[in-house]
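Asks:
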Amino acid sequence: MIVPLVLGAVVLFLTYQWLKSQRPRNFPPGPPAIPLLGNLLSLGSKPAVKLMEWRQKYGDIFGMYNGRQPMVVISDFHTLRKIFGEDSASGRRTHSVIRRDDSSLPMGIGLLGSQGDPWKTHRRFALSTLRDLGMSKNWLEDTIIAEIEDFCQTLRDTKLRPFDPKVQLTNSVANVICALSFGKRFEMTDSKFSNGRAARKQAPRKDLTICNWSDRSLTSSLRARISTTVLWAMVFMIENPDVMERVQAEIDDKVGRQNVLTNSDRSRLPYTEAVILESQRCGNLVPLGVPHYSMEEIQLDGYTIPKDTLLISNLFAIHRDARYWKNPEKFDPNRFLNSEQKLIRPDGFVPFSIGKRTCLGEALAKMELFLFIANLLRCFTLELPKGKTLSHDDYYSSLVDSPDSFALVFVPRF
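Numbering (mature numbering (1 follows the signal peptide of the UniProt record, and there is no 0)), first residue to last: -21 to -1, 1 to 393.
(1) What three-state label does DSSP hand G(-14) in the structure shown?
(2) Spatial neighbours of P249 within its chain, please: C-beta separation below 7 Å, excluding the five flanking residues on both sides.
(3) Where in the region 209 to 271 do unbroken runs of the alpha helix (DSSP H), each at least 4 residues long, occur, reported from the N-terminal end onward?
(4) So, do the region 216 to 228 and the region 346 to 364 have three or more beta carbon pairs nearer to each other than 8 Å?
(5) For M213 and V222, which I take to be in contact (beta-carbon distance under 8 Å), what is that distance rounded to the nearest angstrom?
(6) Under three-state DSSP, which class holds N154?
(7) Between the region 233 to 240 and the region 258 to 274, do three or more beta carbon pairs fall short of 8 Å?
(8) Would W33 and V52 be called neighbours here (beta carbons separated by less than 9 Å)?
(9) DSSP three-state label for E128, please.
(10) Going by beta carbon distance, what residues of the same chain come within less than 8 Å of E126, once the five residues before and after it are set aside?
(11) Going along the chain, which residues of its own chain have a beta-carbon closer than 7 Å to the beta-carbon of N5, five neighbours each way excluded?
(12) Count the other CB atoms within 10 Å of the CB of D244; is the residue buried (16 or more) or exposed (fewer)?
(13) According to DSSP, is V379 helix, strand or coil?
(14) Where does the unbroken alpha helix (DSSP H) through I53 begin, and where does it stop?
(15) Does the ligand HEM have even one heavy atom less than 8 Å from the beta-carbon of M43?
(16) For G23 and K29, which I take to be in contact (beta-carbon distance under 8 Å), what is that distance rounded to the nearest angstrom?
(17) Keeping to the same chain, check which residues put their C-beta closer than 6 Å to that of N354; ignore five residues upstream and five downstream.
(18) Any idea what DSSP makes of residue 404, helix, strand or coil?
(19) Can you say whether Q259 is buried or exposed, counting buried as having 16 or more other CB atoms within 10 angstroms of its CB?
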């Protein structure tokens, strides 16, 4: 008697939850959802790939569910630019995906979590502070170059032995952020790195507020974007040695391989810049951007998006959209150059997202990417160890799409 009652209660509960999760009126079409779970189980290990498949079936705007949370996925550049330019689509919650489990911060504050007028205040303050700390000063460029020279010396010390550059590269990029945030750099062997986690667990939470917030929202995010893009550039150079040779020829001709490249050299090296942009497009390291929330009901291309809907920018699909990119699967830096070999920025290129919530660290990231990648190729020719292979199809997906670990031989050019 008890078992049928329990089963009946479970069925009623699931039916109730299913009814609650039914699509709102005029909600964008999309894949059927499982009660309570939504579409989570269908995403697989590479969610962006599955979302691109659904885009082909349901269109540039489609709806789905993250549990019982309604989501709208936007996979077209012009539509994304339109909606993300509106205040009504600029909401942000400190979702568990972007919030530390041990964070002492309440929900909905700071640059990542706030919205409306508080967020505008945070953003103005952050931009002003970044300028004061050196975003527009020569010392920041000098700091980046010092880290690059240290990184390149590590590569020279490998003496043609296969070497996985990820840890050293990540540390070098992180040190630039540390210099910006704290005014100093750290060595790989510094005990602060190894002791930091233990101290965080033992210390009172009120003492960890700045550490938790800056570590997650500034250091980790920007560090991952920059270091992972450099790793992707290495992968694409191995796959396209003719491109690497052309970059090196441009550097040798316009600047000279023995001269350290600075930010002022960017305008003289359009092909090198185009290679970096194409590495961002093909690597597409943040495939789904950072989630937005609708702060009120929104009408978009005939669909109704309810308030508090999660808005996902499908940058993976946009960067592979044949409407904007000819042969989108091909690595081709020339797509960023016009007939006069001048750099252009085509529609459909959104590596730092778009709209009111675009990445605050974009200027710093662009400078670092140029200095790291251009100076790396100025100093070294990249080669695979004998018997090894490397493909851009071998990667793992999380908030950032990263290439699988690899080792290369770094052959000095001088």
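For glycine and all other residues, C-beta sits at the position ideal for the given N, C-alpha and C.
These numbers were taken from a predicted model, which means no experiment stands behind them.
Replies: With the given structure in hand:
(1) helix
(2) L316, Q320, K321 and L322
(3) 220 to 233 and 249 to 262
(4) yes
(5) Incorrect: roughly 12 Å between the Cβ atoms, too far for contact.
(6) helix
(7) no
(8) yes
(9) helix
(10) S151, V152, N154, V155 and R164
(11) Y282 and T283
(12) buried
(13) coil
(14) That residue, I53, is in no alpha helix (DSSP H); its beta strand (DSSP E) goes Q48 to I53.
(15) Ligands displayed in this structure: none; no statement on the ligand HEM is therefore possible.
(16) 5 Å
(17) I127 and L240
(18) Because the chain spans -21 through 393 in this model, residue 404 falls outside it and cannot be assessed.
(19) buried
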